[in-house]
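> From first to last, the protein sequence lines are chains A and B.
If you count the first sequence from 1, position 32 lands on 62 in the numbering used here, and the numbers rise without skipping.
If you count the second sequence from 1, position 59 lands on 89 in the numbering used here, and the numbers rise without skipping.
Built from N, CA and C at the ideal position, the CB exists for glycine as well.
Predicted, not measured: the structure shown is a model, and the values here were computed from it.
Mind having a look at this structure? Questions to follow.
2 protein chains.
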Amino acid sequence: MRPETPETPANLAERLAHSGLRNTPQREVVYHALLDRRDHPTADEVYTRVRPEMPSISLATVYNCLETLVQCDLVRQVNFERGPSRYCANLHPHAHFHDEKTGATYDIPLPPEVLAQVRGVLPSGYDAKTVEITFHGQSPTA
Amino acid sequence: MRPETPETPANLAERLAHSGLRNTPQREVVYHALLDRRDHPTADEVYTRVRPEMPSISLATVYNCLETLVQCDLVRQVNFERGPSRYCANLHPHAHFHDEKTGATYDIPLPPEVLAQVRGVLPSGYDAKTVEITFHGQSPTA
DNA sequence: CCTCAAAATTGTAATTATTCCAATTACCGC
DNA sequence: GCGGTAATTGGAATAATTACAATTTTGAGG
């Protein structure tokens, strides 16, 4: 019995259906590309990763699929700095650490109490659906 | 005696000099545009705002000036969502609230203890120079 | 199973945001 | 004032994304 398997692919078709959308091979392959390597790839990087498996897919479709996945709340779209959007299939509450030297991005788990305290800074009347926290700096040089 | 005037223009020339850079009319006018209206304009919006005052300025120069100001730590560059970068002359620790309906962005003051707790989530070895916090949702409908 | 309509994909063109670059202009120290 | 460096300018080039029209796929209903 696995206590937690929160981002197993389990619910792609289900989530799509829930939004009145169809499941397609393209959406599956794009979603699995994000699950397989959690390094926050750009649309272009996803494109090159899925092409071996599905050479007929087009870049436009990759963009479309990513947008669809974001709308279904299966994927987070991440933007720091100029440059292309990046995509993240980690649905646990987490912050991002962006290494300024290497450009790499790491997920940092975010305890509920910290998230709660951050939300607490909002004056009444502000209703936040999501909170994004990003660090910029240097990651361990190990 | 004014207790706090933390982002009066006071230090533009000084900050530039500190980085070995020159002060120029273009940099002044761009910086003042950001101070005057704190609504997180894009480079293009800054361009249209400063043109009445300095019709000869070019968009490339606006980009250059903004980049310079960011390097001098007088201005923060802000990116959430796809789309053009936005610029912010508020140097107090603050988060951003992005209203998903109107697209407007509001500054939310960030108490030091909250900032400290957020930094606390970083595993040892991670050295964060800056932290960015962005809320997405709906702002007061007043 | 066949057909039909809606949805999705595809390739390409268009748009948007930003950067690059070469030529001029402005500035500061001597 | 002169010379060298820095900054600005306009326009071309690039990068990222979106738009669009044509084709393909899908699933529902008969």
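So what's Thr164 of chain B in DSSP terms, helix, strand or just coil?
Position 134 of the second sequence, counted from the start, is the residue given in the question as residue 164 of chain B. Thr164 of chain B falls in the strand class under three-state DSSP.
> Based on the DSSP output, what are the partners of Tyr136 of chain B in its beta bridges?
The count along the second sequence starts at 1 and reaches residue 136 of chain B at position 106. The partner list for Tyr136 of chain B (beta bridge, DSSP) reads B:Phe127.
> Use the C-beta contact count for Glu34 of chain A: other C-beta atoms within 10 angstroms, 16 or more gives buried, fewer gives exposed.
The residue given as residue 34 of chain A occupies position 4 in the first sequence. The pLDDT assigned to Glu34 of chain A is 46, lower than 50, so where the model puts this residue is not dependable; a value taken from the coordinates is nonetheless given after this. With fewer than 16 other Cβ atoms within 10 Å, it is exposed.
> Which of the three DSSP states, helix, strand or coil, is assigned to Val92 of chain B?
In the second sequence, the residue the question calls residue 92 of chain B occupies position 62. In this structure, Val92 of chain B counts as helix in the three-state DSSP scheme.
> For Thr72 of chain A, name the three-state secondary structure that DSSP assigns.
Within the first sequence, the letter at position 42 stands for residue 72 of chain A. Strand at Thr72 of chain A.
> Could you tell me whether any Cβ in chain A is nearer than 8 Å to the Cβ of Gln101 of chain B?
Walking along the second sequence from the start, residue 101 of chain B turns up at place 71. With 8 Å as the cut-off, Gln101 of chain B does not count as an interface residue toward chain A.
> What's the C-alpha gap between Thr72 of chain A and Glu58 of chain B?
The residue you call residue 72 of chain A lines up with position 42 of the first sequence. The residue you call residue 58 of chain B lines up with position 28 of the second sequence. If you take the alpha carbons of Thr72 of chain A and Glu58 of chain B, they lie about 36 Å apart.
> Could you give the DSSP three-state label for Tyr156 of chain A: helix, strand or coil?
Here the question's residue 156 of chain A lines up with position 126 in the first sequence. If DSSP states are grouped into helix, strand and coil, Tyr156 of chain A belongs with coil.
> Can you pull the chain A neighbours of His166 of chain B, defined as C-beta to C-beta under 9 Å?
Locating residue 166 of chain B in the second sequence gives position 136, where the first residue counts as 1. Near His166 of chain B (Cβ distances below 9 Å), the residues of chain A are Ala158, Lys159, Thr160, Val161 and Glu162.
> Would Leu64 of chain B and Ala119 of chain B be called neighbours here (beta carbons separated by less than 8 Å)?
As a first step, residue 64 of chain B must be located in the second sequence, where it is residue number 34. As a first step, residue 119 of chain B must be located in the second sequence, where it is residue number 89. Their beta carbons are under 8 Å apart, which means Leu64 of chain B touches Ala119 of chain B by this criterion.
> Would a check of beta-carbon distances place Leu111 of chain A closer than 8 Å to chain B?
The sequence position of residue 111 of chain A within the first sequence is 81, counting from 1. Inspection of the sequence shows that residue 111 of chain A is occupied by Glu rather than by Leu. Output row for Glu111 of chain A: interface = yes.
> Measuring CA to CA, which of B:Asn94, B:Ser169, B:Val144 and B:Thr54 is closest to Thr135 of chain B?
In the second sequence, residue 135 of chain B corresponds to position 105, counting from 1. Checked all of B:Asn94, B:Ser169, B:Val144 and B:Thr54; the closest Cα to Thr135 of chain B is B:Ser169.
> Flag this pair as yes or no: are the beta carbons of Tyr156 of chain B and Gly133 of chain A separated by less than 8 Å?
Start at 1 with the first residue of the second sequence, and residue 156 of chain B comes out as number 126. Start at 1 with the first residue of the first sequence, and residue 133 of chain A comes out as number 103. Their beta carbons are not under 8 Å apart, which means Tyr156 of chain B does not touch Gly133 of chain A by this criterion.
> With 8 Å as the threshold, decide whether the Cβ of Pro71 of chain A is near any Cβ in chain B.
As a first step, residue 71 of chain A must be located in the first sequence, where it is residue number 41. No, Pro71 of chain A lies away from the interface with chain B (no Cβ there is under 8 Å from its Cβ).
> So with Cβ pairs under 8 Å, would you call Pro142 of chain A a contact of chain B?
Taking the first sequence and counting its residues from 1, the one referred to as residue 142 of chain A is at position 112. Pro142 of chain A does not count as touching chain B.
> So, does the CB of Ala125 of chain A fall closer than 8 Å to a CB anywhere in chain B?
In the first sequence, the residue the question calls residue 125 of chain A occupies position 95. It does: the Cβ of Ala125 of chain A has a partner Cβ on chain B nearer than 8 Å.
> Just checking, does the segment 136 to 147 of chain B make contact with the segment 81 to 89 of chain B on the three C-beta pairs under 8 Å criterion?
no
> Mapping DSSP to helix, strand and coil, what is Val60 of chain B?
To locate residue 60 of chain B, count along the second sequence from 1; it is residue 30. Looking at Val60 of chain B - three-state DSSP - the assignment turns out to be helix.
> For the candidate residues A:Glu162, A:Gln101 and A:Tyr61, whose alpha-carbon lies nearest to that of Asn109 of chain A?
Here residue 109 of chain A is taken as the residue at index 79 of the first sequence, counted from 1. Of the residues A:Glu162, A:Gln101 and A:Tyr61, the one whose Cα lies closest to the Cα of Asn109 of chain A is A:Glu162.
> How would you call Arg149 of chain B, buried or exposed, if buried means at least 16 neighbouring beta carbons within 10 angstroms?
Taking the second sequence and counting its residues from 1, one reaches residue 149 of chain B at position 119. The residue in question, Arg149 of chain B, is exposed, as its Cβ has fewer than 16 Cβ neighbours within 10 Å.
> Is the Cβ of Val76 of chain A closer than 8 Å to any Cβ of chain B?
Walking along the first sequence from the start, residue 76 of chain A turns up at place 46. Output row for Val76 of chain A: interface = no.
> If contact means a Cβ-Cβ distance below 9 Å, which residues of the segment 145 to 157 of chain A contact chain B?
Within the segment 145 to 157 of chain A, the qualifying residues are Gln147, Val148, Arg149, Gly150, Val151, Leu152, Pro153, Ser154, Gly155, Tyr156 and Asp157.
> Going by DSSP, what residues sit across from Arg149 of chain A in a beta bridge?
Locating residue 149 of chain A in the first sequence gives position 119, where the first residue counts as 1. In DSSP, Arg149 of chain A forms no bridge with anything.
> Please tell me whether Pro170 of chain A has its Cβ less than 8 Å away from any Cβ of chain B.
As a first step, residue 170 of chain A must be located in the first sequence, where it is residue number 140. It does: the Cβ of Pro170 of chain A has a partner Cβ on chain B nearer than 8 Å.
> Does DSSP put Arg112 of chain B in a helix, a strand or coil?
For the purposes of this step, residue 112 of chain B is taken as the residue at position 82 of the second sequence. Three-state DSSP puts Arg112 of chain B in coil, outside helix and strand.
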